[in-house]
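Have a look at the structure below before the remarks.
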Amino acid sequence: MHSKKPFYILVALLFIAGIASSIYRGVENNVPFLPGKQVQSWAVDAKIKFQGTGEPAEISFALPNDPAFEVLVENATSPGYGLSISDEPQNRRAIWSIRSAKGQQDLYYKVTLIPTGITSIQAEEAPRAVSPHIWPAAEKVAAEQASEDVWAKSATNLSFAQQLNKALNASERSQNIELLLSSNSASKLFVNMLNNRGIPAQEVSALHLEDQRRRQQLTSFVEVYNDGEWHLFDPMNGTQGRPDNVLLWDRSGKSTLDVIGGINSQVNFSMLQDTRSALATSLDVMNNQGALDFSLYQLPLEEQSLFKGILLIPIGVLMVVFLRVIVGLKTSGTFMPVLIALAFIQTTLLTGLVGFILIVACGLMIRSYLSELNLLLISRISAVIIVVIGIIGLFTLLSYKFGLSEGLTITFFPMIILAWTIERMSILWEEEGPKEVVLQGGGSLFVATLAYLAMSASWVQHWVFNFLGIHLVILAIVLLMGQYTGYRLLELRRFKPLSGE
Amino acid sequence: MRFSFAKPSALRKNGVLCMNKRNIDYIGRCNPRKFYKRVDDKLTTKQLALANDIAVPDLIGVVREQHEIEDIPAMVANEDGFVIKPSKGSGGKGILVITKVDAGRYYKPNGQEVTPSEVYRHVSNVLSGLFSLGGSPDVAIVEGLIQFDPVFDGYSYEGVPDIRLIVYKGFPVMGMLRLSTAASDGKANLHQGAVGVGVDIGTGKGLHAVQFDLPVDVHPDTNKVLTDIQVPHWDFLLHTASKAYEMSEMGYLGTDMVLDRVRGPLLLELNARPGLAIQIANGRGILPYLDHVDNLGNHNMSVDERVEYAKKHFSHSAKL
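Protein chains in written order, with full-length UniProt numbering: chain A, 1 to 501; chain B, 1 to 320.
If you want it as C-alpha cells, here you go:
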C-alpha cells in the first residue's frame, strides 16, 4: 500500500490555491463576493476658462491625486489644443498648448472616480527637510511667541499641529494670532508655523463632492507629515481628519492652474453621483491596470456567456458525485442529469420538467412501434433522434400557436441525450416493466432538479465565473470524495439488518 | 423499520463492507485492470476455464456478425433448450432463456412463446452493444441449457439457482445461494427480486436469507424454509472457486456456479465487482474475513490447502 501523503498534499494545495486566488480576486481586485452589489461613483467635470491674448498659450492643470479615489475614466475636450498628461506619481498634470489663443477659451477635463475605501495617505518617502519661513519683522515676535505657547502644550509633531490648529480657530484667539491672521491666510499661517518648527506640511486643494453641484471651487486643506503618513487638517475650522466625500485634487504644493499666454483664468467644477455595478466597476479598474491580459473577461461577450454555462458544469458534476458517493443515489447515465439540468437553466424548471416528460413519453410511444420493425440498434437510435427533433418542432409550433412562450425554450434539450434516454427507458420497459421506468426516470429527474437548483442559484453563477479559483476547490473536493471509503447514507438503511440492533 | 438508519459505528463494528470501500480498497487494489477481460468477457472466461479443467455449460455457438443471426435456428435445432447471452453483459441483462424448442418454435420458462423475429432482434441488440458495459459492440453466446439439479426443487421458482462465492486472494470467504422468484421473473439477480441465502463456507448449509435487502425466512412463492438448504458438491464448488483465482488473477472475485443434474457443478461466470448483498444474506459483515486473509501475508498455499484453511477458519461456527 503506497503512501497517500502526496495525494493529500495535492488536495491541500488545490484547496489553498483555490481559496487564496478567490480571496485575492475579492480583496485585491475588488470583485464583489455577492452578485448585484452596487458602488457609487462620481463624475467630476472641471471647466477651465481664460482670455487668450493672441500669444501662444500653455495651460498646466493639476489632476486629482488621492488614494481614496480611483480614476476609472478620464478625458479632456479641447478643440484645437495639443494635450499631454504628465504622469509623475505625486504630481499628475494635464498640459494644453496652442500656437495662438484669442478671446474666451474653454477647456474641459472630465473624470469618473470610485471610492477605494483607503482614507489614510501614506507617504512613499520622507519629505525633504523644510526650510523655515522668514517672517516680516513686524510679525516675527508674534509668530515666535504664539509658536512657543503652543509648543509648550504639545508632545509630538502631530499634537503640536493639533494644538496649533485649535489655537488658530479658538473663539478667543491670542493677540499674537489675531495679528498674524490679519496679514496671512489661516492655511498659509498654519503651514508656515509648522515649517518653522521643522515639521513638513503643505497646502493641498480639495473638492467637496456633493451630488448635482455646479460651479464649485477647490478648498484648501493642510496636510502634515508624521511617521510616514500625511494627516489632513482643515485650518478654516480647526478640525482634523478627512471629511466624507472630500476629493484631494492637487497635492503638489504648487499651483493648481498655470496659464501662460492668457489672462483672467479660472477653474470651476461640477459633479454628479452615480451608482454602477460593483463587478463592472472592478472590471474597468482591472482593465485600466492591465490586469485583464489573460482572463475570461477579455473574451467577446458571446464566448463569455458560453463560458458562463460551461463553468456551471463543475457544480452539477460535484452534485452528482456527492449524491452518488456520499448519499448513494443511482442515476441512469452518470452525468445525464447534469446535461438535463443545463437544459433546465435555459427553459426554467417547470417548463423543463413538463417538456422532458412530454418528449420522453411521446418518444417511448413511437419507439414501441420502431421496436416491431426489427431495426439495427444504430439506425433505430438514429430514427429516434429524428423523431425527437420532430416532436420538439411540433411542440414548439403548438406552443407558439397557443401563445405559450415557455414552450419555445424546449429546443434547448440535448437531442442525442434525449434519444438515448428514450432508447434505454424503452429497453427497461421491456425487461423490467413500467414501474422501473418511472422509478429510474424519476430518479434521474430528481438528481437533475437538485443539480439545477445548485446551478441556478445566482450567487453560484456569480462565483463560478468571477472566482475561477473555486474550480480548484471543487476539484479538491471531488478528489477527496473519490477517496471516501465510508458508508453511503442509503447504505446505512440497506445494511440496517447487520447493525446488530 | 423500513426508513430507519443504522449507526455507522455499529456497522463498522460488525465489519460491514460498503460500496465505496469495496471499490477503492478491494476492487481497485486487488483486481489489475489488464485482467478484466478475463471476467468481463464471458467467452474469454469460458475458454480460460476449459484450459484450466473447470467445467462450464456447453457452448453451442457464437454469433459475431449480424448476418450470422440467421444460423441460430439451425444451431439449436437439436437442442432441448438454449440460452443466448451477451459476452460482455452485466447484472444479468440481455439473457434470453429458451427452455423448450418445438419444431422451430421457442418457449420461455414461463411458457410464453418467443417468435424467431424476436430472437433475431434480441441478438441484433446484443451485437450492437446494448447490454454490454460502456455500449461497446459485443458478440452473442449461445449456450446449452442447464438441467438443474432437483435438490433445489421447491426452493427456486422458474429459474436456475446459482451459487455465488466471494474469493479473496484465492480463499473462498463467503457464499450465497441465489434463488429466483416470481418477482425476479426467473432470474437469479438479487436486485431484481431473487432470494439470497447465505451459506456456511464450512458445511454448505443455509444460514440466513434475504430478499430486496430485507431478511426473509421462507421462499415467497413456495413457502419452503430457506435455512434448511444444504448445497451438494460443496467441496467441489469451493475448489472450483478457489481455482478461478489462479485462472483470472483477480484478488477480489465473485464466482457464479450452477449445479447440473448430469455434469455436476459448472462455472457460469466470474465477476470482478461482486455485490454486497451477500453480507445481508449471511447476516454478518465480510471485512473480518478479508482482514484475516490479509494477515496471512505471503502463504504459498495450494488450492487444496486454501480450501481446507477456509473451511476451518471461515465457517460460521469458527472464531475469527
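The C-beta atom is built at its ideal place from N, Cα and C for all residues, glycine as well.
Check your understanding: Taking Cβ positions, are L180 of chain A and E125 of chain A nearer each other than 8 Å?
Key -> To locate residue 180 of chain A, count along the first sequence from 1; it is residue 180. To locate residue 125 of chain A, count along the first sequence from 1; it is residue 125. No, the pair does not count as a contact, with Cβ atoms beyond the cut-off.
Practice item. Could you tell me the distance, in whole angstroms, from the CA atom of K46 of chain B to the CA atom of T351 of chain A? Key: For the purposes of this step, residue 46 of chain B is taken as the residue at position 46 of the second sequence. For the purposes of this step, residue 351 of chain A is taken as the residue at position 351 of the first sequence. Roughly 51 Å between the two C-alpha positions.
Practice item. Determine whether the Cβ of V16 of chain B lies closer than 8 Å to any Cβ atom of chain A. Key: Reading the second sequence from its first residue, position 16 is the one you call residue 16 of chain B. Yes, V16 of chain B counts as interfacial toward chain A.
Point to revise | For H292 of chain B, the first and last residue of its enclosing alpha helix (DSSP H) | key: For the purposes of this step, residue 292 of chain B is identified with residue 292 of the second sequence, where counting begins at 1. First-last of the alpha helix (DSSP H) with H292 of chain B: L287 to L296.
Review point. Going by the CB atoms, is the gap between E491 of chain A and M19 of chain B shorter than 8 Å?
Key: Position 19 of the second sequence, counted from the start, is the residue given in the question as residue 19 of chain B. Position 491 of the first sequence, counted from the start, is the residue given in the question as residue 491 of chain A. Yes, the Cβ-Cβ distance between M19 of chain B and E491 of chain A is below 8 Å.
Exercise for review: Give the interface partners of Q440 of chain A over in chain B, defined as CB-CB distance under 7 Å, in chain order.
Suggested key: As a first step, residue 440 of chain A must be located in the first sequence, where it is residue number 440. Simply none; closest approach about 12 Å.
Exercise for review: Counting only the same chain and skipping the five closest in sequence on each side, list residues whose C-beta sits under 7 Å from that of G61 of chain B.
Suggested key: For the purposes of this step, residue 61 of chain B is taken as the residue at position 61 of the second sequence. Closer than 7 Å at Cβ, skipping near neighbours: M75 and V142.
Review point. Where S171 of chain A and S220 of chain A are concerned, what is the direct C-alpha to C-alpha distance, given to the nearest angstrom?
Key: Here residue 171 of chain A refers to the residue found at position 171 of the first sequence. Here residue 220 of chain A refers to the residue found at position 220 of the first sequence. So the two alpha carbons sit approximately 21 Å from each other.
Check your understanding: If you pair each beta-carbon of the stretch 168-188 of chain B with each one of the stretch 280-289 of chain B, do three or more pairs fall below 8 Å?
Key -> yes
Practice item. Provide the residue(s) that pair with N169 of chain A in DSSP beta bridges, ordered along the chain. Key: Here residue 169 of chain A is taken as the residue at index 169 of the first sequence, counted from 1. Answer by DSSP bridge pairing: none, since N169 of chain A is not bridged.
Check your understanding: Buried or exposed: H67 of chain B, going by 16 or more other Cβ atoms within 10 Å of its Cβ?
Key -> The residue labelled residue 67 of chain B in the question sits at position 67 within the second sequence. It counts as exposed.
Check your understanding: Name the chain A residues whose beta carbon is nearer than 9 Å to that of Q66 of chain B?
Key -> Position 66 of the second sequence, counting from 1, holds the residue named residue 66 of chain B. The answer, in chain order, is L376.
Practice item. Return the CA-CA distance between N110 of chain B and V195 of chain B, expressed in angstroms with no decimal places. Key: Here residue 110 of chain B corresponds to residue number 110 of the second sequence, with the count starting at 1. Here residue 195 of chain B corresponds to residue number 195 of the second sequence, with the count starting at 1. About 18 Å.
Review point. Apart from the five residues just before and just after R38 of chain B, which ones in its own chain have a Cβ nearer than 8 Å to its Cβ?
Key: What you label residue 38 of chain B is simply residue 38 of the second sequence in a count that begins at 1. Closer than 8 Å at Cβ, skipping near neighbours: T44, T45, L48, M247, S248, E249, M250 and L270.
Check your understanding: What residue from A:L428, A:L283 and A:L189 has the CA that sits closest to S368 of chain A's CA?
Key -> Walking along the first sequence from the start, residue 368 of chain A turns up at place 368. Per the Cα distances, A:L428.
Review point. Quick one: Cα of G36 of chain A to Cα of L375 of chain A, how far?
Key: Working through the first sequence from its first residue, we reach residue 36 of chain A at position 36. Working through the first sequence from its first residue, we reach residue 375 of chain A at position 375. G36 of chain A and L375 of chain A: Cα-Cα distance of roughly 54 Å.
Check your understanding: Beta carbon of M319 of chain A, beta carbon of S444 of chain A: below 8 Å?
Key -> For this step, residue 319 of chain A is matched to residue 319 along the first sequence. For this step, residue 444 of chain A is matched to residue 444 along the first sequence. No, these two residues do not count as a Cβ contact at 8 Å.
Review point. Buried or exposed: where does K243 of chain B fall if 16 or more other Cβ atoms within 10 Å of its Cβ makes it buried?
Key: Counted from its first residue, the second sequence places residue 243 of chain B at position 243. With 16 or more other Cβ atoms within 10 Å, it is buried.
Check your understanding: Can you name, in chain order, every residue of its own chain whose Cβ lies under 7 Å from the Cβ of E229 of chain A, other than the five neighbours on each side?
Key -> Residue 229 of chain A sits at position 229 when you count from the first residue of the first sequence. Contacts found: S120, I121, Q122 and A123.
Review point. Can you name the residues that DSSP bridges to E229 of chain A?
Key: Here residue 229 of chain A refers to the residue found at position 229 when the first sequence is read from its first residue. A:Q122 and A:N226, per the DSSP bridge assignment.
Check your understanding: Would you say the stretch 105-117 of chain A touches the stretch 66-85 of chain A, given that touching needs at least three Cβ pairs under 8 Å?
Key -> yes
Check your understanding: Counting contacts by CB-CB distance shorter than 8 Å, is P215 of chain B in contact with chain A?
Key -> Walking along the second sequence from the start, residue 215 of chain B turns up at place 215. Yes, its Cβ sits closer than 8 Å to a Cβ of chain A.
**Study point:** Nearest-angstrom Cα separation, counted from G500 of chain A out to D138 of chain B
**Key:** The residue labelled residue 138 of chain B in the question sits at position 138 within the second sequence. The residue labelled residue 500 of chain A in the question sits at position 500 within the first sequence. If you take the alpha carbons of D138 of chain B and G500 of chain A, they lie about 44 Å apart.
Review point. What does DSSP give as the partner residues of W42 of chain A in its beta bridges?
Key: Indexing the first sequence from 1 puts residue 42 of chain A at position 42. According to DSSP, which records beta bridges pairwise, W42 of chain A is partnered with A:L113 and A:Q273.
**Study point:** Continuous beta strand (DSSP E) assignments of at least 3 residues falling wholly in the stretch 55-97 of chain B
**Key:** 59-63 and 82-86
Check your understanding: Between L207 of chain B and the rest of its own chain, which residues show a CB-CB distance below 7 Å, the 5 nearest in sequence each way excluded?
Key -> Locating residue 207 of chain B in the second sequence gives position 207, counting from the first residue. Answer for L207 of chain B: G198, V199, D200, T227, N282, G283 and H316, listed in chain order.
Review point. Shorter than 8 Å from the beta carbon of R242 of chain A to some beta carbon of chain B?
Key: Start at 1 with the first residue of the first sequence, and residue 242 of chain A comes out as number 242. Not one chain B Cβ lies under 8 Å of R242 of chain A.
Practice item. Kindly list the residues whose CB is nearer than 6 Å to the CB of G469 of chain A, restricted to its own chain and excluding five residues on each side of it in sequence; keep chain order. Key: Taking the first sequence and counting its residues from 1, the one referred to as residue 469 of chain A is at position 469. Taken in chain order, the residues that qualify are G18, S21 and S22.
Check your understanding: Which of helix, strand or coil does DSSP assign to A201 of chain A?
Key -> In the first sequence, the residue the question calls residue 201 of chain A occupies position 201. In this structure, A201 of chain A counts as strand in the three-state DSSP scheme.
Exercise for review: Assign Q202 of chain A to one of two classes, buried (16 or more other C-beta atoms within 10 Å of its C-beta) or exposed (fewer than that).
Suggested key: Numbered from 1 along the first sequence, position 202 holds the residue referred to as residue 202 of chain A. With 16 or more Cβ atoms within 10 Å of its Cβ, Q202 of chain A is classed as buried.
Review point. If we count the other Cβ atoms within 10 Å of its Cβ and call it buried at 16 or more, is T181 of chain B buried or exposed?
Key: For the purposes of this step, residue 181 of chain B is taken as the residue at position 181 of the second sequence. With 16 or more Cβ atoms within 10 Å of its Cβ, T181 of chain B is classed as buried.
Point to revise | Bridge-paired residues (DSSP) for A94 of chain A | key: For the purposes of this step, residue 94 of chain A is taken as the residue at position 94 of the first sequence. Paired residues: A:F61 and A:I85.
Exercise for review: Let me know the alpha helix (DSSP H) ranges lying completely inside the stretch 4-41 of chain A, each 4 residues or longer, listed in chain order.
Suggested key: 5-27
**Study point:** Alpha-carbon spacing of T334 of chain A relative to V354 of chain A, whole angstroms
**Key:** Taking the first residue of the first sequence as position 1, residue 334 of chain A is located at position 334. Taking the first residue of the first sequence as position 1, residue 354 of chain A is located at position 354. Between T334 of chain A and V354 of chain A, the C-alpha separation is close to 22 Å.
Check your understanding: Whose CA, out of A:G309, A:V73 and A:L329, lies closest to the CA of M455 of chain A?
Key -> Residue numbering aside, residue 455 of chain A sits at position 455 when the first sequence is read from its first letter. Taking only the C-alpha atoms, the option nearest M455 of chain A is A:G309.
Review point. For residue 565 of chain A, which residues of its own chain have a beta-carbon under 6 Å away from its beta-carbon, when the five flanking residues on both sides are left out?
Key: Missing from the structure shown is residue 565 of chain A; chain A here goes from 1 to 501 and no further.
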